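Q: I have a structure I would like to understand better, so I am pasting it below and will then ask my questions one at a time.
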Amino acid sequence: MKASILVVGYGPVGAATACLLGRPGVHTIVIDKSNTVFAQPRAIALDNEALCVLQMAGLSDDAFARIAIPYVKPHSPF
Ligand SMILES: Cc1cc2nc3c(=O)[nH]c(=O)nc-3n(C[C@H](O)[C@H](O)[C@H](O)COP(=O)(O)OP(=O)(O)OC[C@H]3O[C@@H](n4cnc5c(N)ncnc54)[C@H](O)[C@@H]3O)c2cc1C
């Protein structure tokens with residue numbers, strides 16, 4: 137299978153772009169220079185636009201109820 141699009145970088149932007157392209161059938165390949173998964177959580181808080189992108193990328197309606205942390209309390213020394 138030939139790919140039409142090459143996405144370089146499998147961070148959130150690359151992953152979302154590849155999902156959004158793949159859903160309507162655009163053949164897409166994603167590459168990343170890293171061969172490990174970034175171990176820290178980096179999406180503990182999302183705004184409405186990010187949630188909208190995740191819905192368009194195919195997360196089911198009940199996904200957030202199943203995976204979201206129900207309550208987040210930030211702590212800062214400042
Ligand atoms: C600890 C932490 C917590 C965070 N928490 C939140 C949060 O709660 N909510 C929120 O909205 N944001 C949060 N962020 C910010 C969020 O993670 C970034 O905004 C987001 O990762 C940016 O996505 P990106 O795809 O643009 O870039 P990146 O995540 O930096 O991904 C870029 C990817 O491209 C790859 N790459 C780079 N150069 C090349 C190359 N030449 N060839 C191949 N691959 C390459 C890299 O390896 C990387 O995987 C957090 C960040 C950190 C560090």
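Just so we're aligned, residue 137 is where the sequence shown starts under the numbering used here, counting upward by one. No residue lacks a Cβ here, since even glycine has one placed at the ideal position from N, Cα and C. Remember, predicted model here, so these are calculated numbers, not experimental data.
#1: Answer with buried or exposed for V173, where buried requires no fewer than 16 other C-beta atoms within 10 angstroms of its C-beta.
#2: How about A204 and L156: are their beta carbons less than 8 Å apart?
#3: Along the beta strand (DSSP E) that carries V143, what are the first and last residues, could you check?
#4: So, with DSSP's three-state summary, where would you put T153?
#5: Among T153, P148 and Q176, which one has its Cα closest to the Cα of I141?
#6: Who are the Cβ neighbours of Y146 in its own chain at under 6 Å, not counting the five residues just before and after it?
#7: Using the three-state DSSP reduction, which class does V208 fall into: helix, strand or coil?
A: On the basis of the data shown:
#1: So V173 ends up on the exposed side.
#2: Cβ atoms of A204 and L156: not closer than 8 Å.
#3: I141 to V144
#4: helix
#5: Residue T153 is the option with its Cα nearest to I141.
#6: So the qualifying residues of the chain are V166 and D168.
#7: coil
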